[in-house]
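Listed in order, the protein sequences are those of chains L and F. Once you know that position 9 of the first sequence is 9 in the UniProt record's numbering, the rest is easy, because the numbers rise by one and skip nothing. Once you know that position 180 of the second sequence is 180 in the UniProt record's numbering, the rest is easy, because the numbers rise by one and skip nothing. Ideal Cβ placement from N, Cα and C applies to all residues, glycine included. None of the values given here were measured: they were computed from a predicted structure. Everything below concerns the one structure shown next.
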Amino acid sequence: MSLDSSDVEKIAHLARLAIAPEQTERYAADLSNILDLVAQMDAVDTTDVEPMAHPLHMAQRLRADAPSEPNQRERFQANAPLAEAGLYLVPKVIE
Amino acid sequence: MQNKSIAQLAADLRLRTYSSVELTKHYLERIARLDPGLNSFITVAEESALAAAARADQALKAGDAGPLTGIPIAHKDIFCTQGVKTTCGSRMLENFVAPYDATVVEKLAAAGAVVLGKTNMDEFAMGSSNETSYYGAVKNPWNPDLVPGGSSGGSAAAVAARLCAAATGTDTGGSIRQPAALCGITGIKPTYGRCSRWGMIAFASSLDQAGVMARSAADAAFVLDEMAGFDRRDSTSADVPVPDYVDALDNDLKGLRIGLPKEYFGEGLDAGVARSIQAAIDEYRRLGAEIVEISLPNSPLSVPVYYVVAPAECSSNLARFDGVRYGHRCAEPKDLEDLYKRSRAEGFGPEVRRRIMIGTYVLSAGYYDAYYLKAQKIRQLIADDFKRAFEQVDVIMGPTAPATAFPLGAKMDDPVSMYLNDIYTIATNLAGLPGISVPVAPVDGLPVGLQIIGNYFEEARLLNVAHMLQHVTHWHQAAPVGFE
């Protein structure tokens with residue numbers, strides 16, 4: 001499997017990662033090498049094999065829909081790069 | 001003091017041979033003197049450690065001590081610690097102070113352990129050499145030109161260098177066992193779900209598991225006794241009773257059936273490492289164990305499967321780092337998309353970016369069946385191999401890593417060659433099984449790890465089997481020169 005620079009740009013956009021134009025070729029080569037390794041999977045016949053989603057085949061535990069944690073907004077927002085009046089600030093989204 | 005077992009330290013503390021404050025100061029002094037050459041700690045929490053030690057001394061005086069009261073340990077910097085920085089080895093979290101303790105941190109604190117600080121690690125636990133850390137590579141105490149392994153390389157180096165009595169680690173594809181092997185210590189990755197993942201920064205959620213890195217299986221048993229157990233806050237935590245790991249340490253091994261998978265002894269395994277593993281197997285034979293050759297036919301596929309499953313889950317988990325709620329934010333974003341893209345590009349290092357991109361690709365529209373679904377199916381085949389093997393044997397043994405520690409920088413330009421370090425450890429994570437690495441005879445003065453894999457929730461047996469080897473051999477007691 002071989003990726004080119006335009007594939008890398010598309011993936012980087014989906015992943016919301018800025019990539020300098022001079023880096024795309026290196027990424028294309030590295031990612032292609034990893035996908036070559038992964039391609040060993042193609043040789044395996046997996047017809048009728050159930051995919052394994054959880055190592056212990058446990059079902060998702062459910063709990064009552066009731067608050068389990070106290071509100072600690074100020075404490076959590078202390079880690080925000082930019083917060084004001086209980087709000088996270090970002091560049092203007094709506095004109 | 002730094003060479004004493006946890007049981008000896010606990011006994012000395014109870015007899016007031018020395019206090020926890022004295023013991024903690026002793027370790028802090030060793031860290032200040034010896035760690036500049038290793039870089040195994042990202043943060044040393046001197047003040048809170050001494051305060052915890054003083055509280056431990058009070059508890060000891062009051063006769064109110066737990067099994068780990070006053071014992072100085074370290075946490076891998078992936079575990080959230082309230083009031084002490086948690087970086088996960090990343091620039092992204094350079095200034096992050098968690099508002100809460102991870103369950104594992106909370107449980108060990110409740111058992112009385114004193115936390116000396118937070119250990120270095122590969123960024124977001126992605127790496128096998130501890131070179132992807134934003135805070136610099138960790139050096140192997142056995143030879144500072146070599147890597148300590150990763151991702152829990154800081155914990156492994158700190159334990160090997162006797163800078164703490166034990167340390168926590170996490171293992172997604174070998175991140176406890178491989179550095180334990182390369183640094184000559186004992187490291188156990190429990191069954192998936194055995195220890196809570198709450199407050200442990202997520203990398204690949206269907207594989208991540210917390211464990212212990214210590215100088216012996218007995219020390220690891222003392223720590224795991226306190227760490228393991230159900231936690232309602234972790235939705236994948238296993239609600240399975242925890243046996244007493246210390247109690248089981250001395251069980252007789254007569255009649256133990258040990259499986260040697262032929263796939264773990266083939267091409268790619270260093271000849272010296274193979275001889276050391278054989279010598280350890282011979283010790284087990286003398287202890288009354290029976291050796292059986294087995295096959296894990298799908299195990300060669302574990303690395304390809306892992307490099308679909310782990311990046312896919314990592315790309316999803318690391319989407320939370322958006323430069324808005326916590327973590328690094330770029331300067332002067334021109335719009336929201338620019339803020340996301342540049343904050344993430346600046347906050348994550350090259351290996352993390354690579355894995356996010358692979359994960360994004362394999363999960364993108366049109367590729368899911370060919371990659372993620374296919375990988376999950378082969379993952380089932382890998383787990384089925386183990387299931388069949390455990391119908392025949394009690395434990396599986398083989399090398400932890402294909403060779404001894406490699407030089408710093410040797411594999412950084414070739415991600416795929418780095419990934420192949422974990423060729424013997426990854427299958428256990430994919431199956432969710434527990435594994436332990438135990439030091440055996442060194443090769444050219446460098447540590448070698450024997451890997452022992454057990455059936456689900458058989459940590460007690462793994463620690464017992466490892467302990468009995470350490471009962472009749474001295475490999476685990478060797479200390480690197482300059483750190484004795």
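Hey, is residue i's beta-carbon within less than 7 Å of any beta-carbon in chain F?
i, result
"residue 70 of chain L", "no"
"residue 73 of chain L", "no"
"residue 21 of chain L", "no"
"residue 48 of chain L", "no"
"residue 45 of chain L", "no"
"residue 67 of chain L", "no"
"residue 94 of chain L", "no"
"residue 56 of chain L", "yes"
"residue 16 of chain L", "yes"
"residue 85 of chain L", "no"
"residue 28 of chain L", "no"
"residue 80 of chain L", "yes"
"residue 37 of chain L", "yes"
Could you give the C-beta distance for residue i and residue j, rounded to a whole number, given that I count them as a contact under 8 Å?
i, j, result
"residue 424 of chain F", "residue 399 of chain F", "6 Å"
"residue 194 of chain F", "residue 103 of chain F", "Actually they do not touch by this definition, with Cβ atoms about 12 Å apart."
"residue 293 of chain F", "residue 341 of chain F", "With a Cβ gap of about 53 Å, residue 293 of chain F and residue 341 of chain F do not count as contacting."
"residue 433 of chain F", "residue 455 of chain F", "7 Å"
"residue 13 of chain F", "residue 50 of chain F", "No, residue 13 of chain F and residue 50 of chain F are not in contact; Cβ-Cβ is about 15 Å, not under 8 Å."
"residue 11 of chain L", "residue 357 of chain F", "5 Å"
"residue 412 of chain F", "residue 451 of chain F", "In fact, because the Cβ distance is near 25 Å, the residues do not count as touching under 8 Å."
"residue 472 of chain F", "residue 226 of chain F", "At roughly 27 Å, the Cβ-Cβ gap does not stay under 8 Å, so residue 472 of chain F and residue 226 of chain F are not in contact."
"residue 335 of chain F", "residue 21 of chain L", "Not a contact, Cβ separation roughly 20 Å."
"residue 207 of chain F", "residue 31 of chain F", "Not quite, the Cβ-Cβ distance comes to about 31 Å (not below 8 Å), so this is no contact."
"residue 408 of chain F", "residue 142 of chain F", "That belief does not hold up - the Cβ atoms of residue 408 of chain F and residue 142 of chain F are roughly 13 Å apart, past 8 Å."
"residue 165 of chain F", "residue 449 of chain F", "Incorrect: roughly 20 Å between the Cβ atoms, too far for contact."
"residue 156 of chain F", "residue 34 of chain F", "Their Cβ separation, rounded to whole angstroms, is 15 Å, which puts residue 156 of chain F and residue 34 of chain F out of contact at 8 Å."
"residue 45 of chain F", "residue 116 of chain F", "7 Å"
"residue 416 of chain F", "residue 371 of chain F", "About 17 Å separates the two Cβ atoms, so there is no contact after all."
"residue 81 of chain F", "residue 101 of chain F", "6 Å"
"residue 138 of chain F", "residue 40 of chain F", "5 Å"
"residue 245 of chain F", "residue 469 of chain F", "Between residue 469 of chain F and residue 245 of chain F the Cβ distance is about 16 Å, and since that is not below 8 Å, they are no contact."
"residue 89 of chain F", "residue 64 of chain F", "Rounded, the Cβ-Cβ distance is 37 Å, inconsistent with contact."
"residue 426 of chain F", "residue 306 of chain F", "5 Å"
Tell me the DSSP secondary structure of residue i in three-state form.
i, result
"residue 195 of chain F", "strand"
"residue 87 of chain L", "strand"
"residue 165 of chain F", "coil"
"residue 73 of chain L", "helix"
"residue 75 of chain F", "strand"
"residue 398 of chain F", "strand"
"residue 23 of chain F", "helix"
"residue 480 of chain F", "coil"
"residue 43 of chain F", "strand"
"residue 320 of chain F", "helix"
"residue 94 of chain L", "coil"
"residue 37 of chain F", "helix"
"residue 499 of chain F", "Outside the displayed span of chain F (1 to 484) sits residue 499 of chain F, for which this structure offers no information."
"residue 259 of chain F", "strand"
"residue 240 of chain F", "coil"
"residue 393 of chain F", "coil"
"residue 97 of chain F", "strand"
"residue 246 of chain F", "coil"
"residue 360 of chain F", "helix"
"residue 81 of chain F", "strand"
Would you say residue i faces chain L, with C-beta separation under 7 Å as the test?
i, result
"residue 126 of chain F", "no"
"residue 296 of chain F", "no"
"residue 4 of chain F", "no"
"residue 79 of chain F", "no"
"residue 336 of chain F", "yes"
"residue 96 of chain F", "yes"
"residue 105 of chain F", "no"
"residue 308 of chain F", "yes"
Following a CB-centred definition, is residue i positioned closer than 6 Å to any heavy atom of the ligand MG?
i, result
"residue 15 of chain F", "Ligands are entirely absent from the displayed structure, and the ligand MG is therefore not among its contents."
Those runs of the beta strand (DSSP E) which lie wholly inside the region 110 to 148 of chain F and span at least 3 residues: 114 to 119
Beta strand (DSSP E) runs contained entirely in the region 400 to 456 of chain F, provided each spans 3 or more residues: 435 to 443, 446 to 454
Contiguous alpha helix (DSSP H) assignments of at least 4 residues, all confined to the region 171 to 228 of chain F: 177 to 183, 217 to 227
Alpha helix (DSSP H) runs wholly inside the region 263 to 292 of chain F, at least 4 long, in chain order: 271 to 286
Contact between the region 57 to 75 of chain F and the region 300 to 316 of chain F (3+ Cβ pairs under 8 Å): no
Three CB pairs or more closer than 8 Å across the region 254 to 268 of chain F and the region 217 to 229 of chain F: no
Sufficient close CB pairs (3 or more, under 8 Å) joining the region 165 to 179 of chain F to the region 146 to 153 of chain F: yes
Contiguous beta strand (DSSP E) assignments of at least 3 residues, all confined to the region 9 to 56 of chain L: none
Inter-stretch contact (C-beta, 8 Å, three-pair minimum) for the region 307 to 318 of chain F and the region 362 to 371 of chain F: The answer is yes - the region 362 to 371 of chain F touches the region 307 to 318 of chain F, with three or more Cβ pairs under 8 Å.
contact_flag[the region 50 to 62 of chain L, the region 369 to 386 of chain F] where n(CB pairs < 8 Å) is 3 or more: yes
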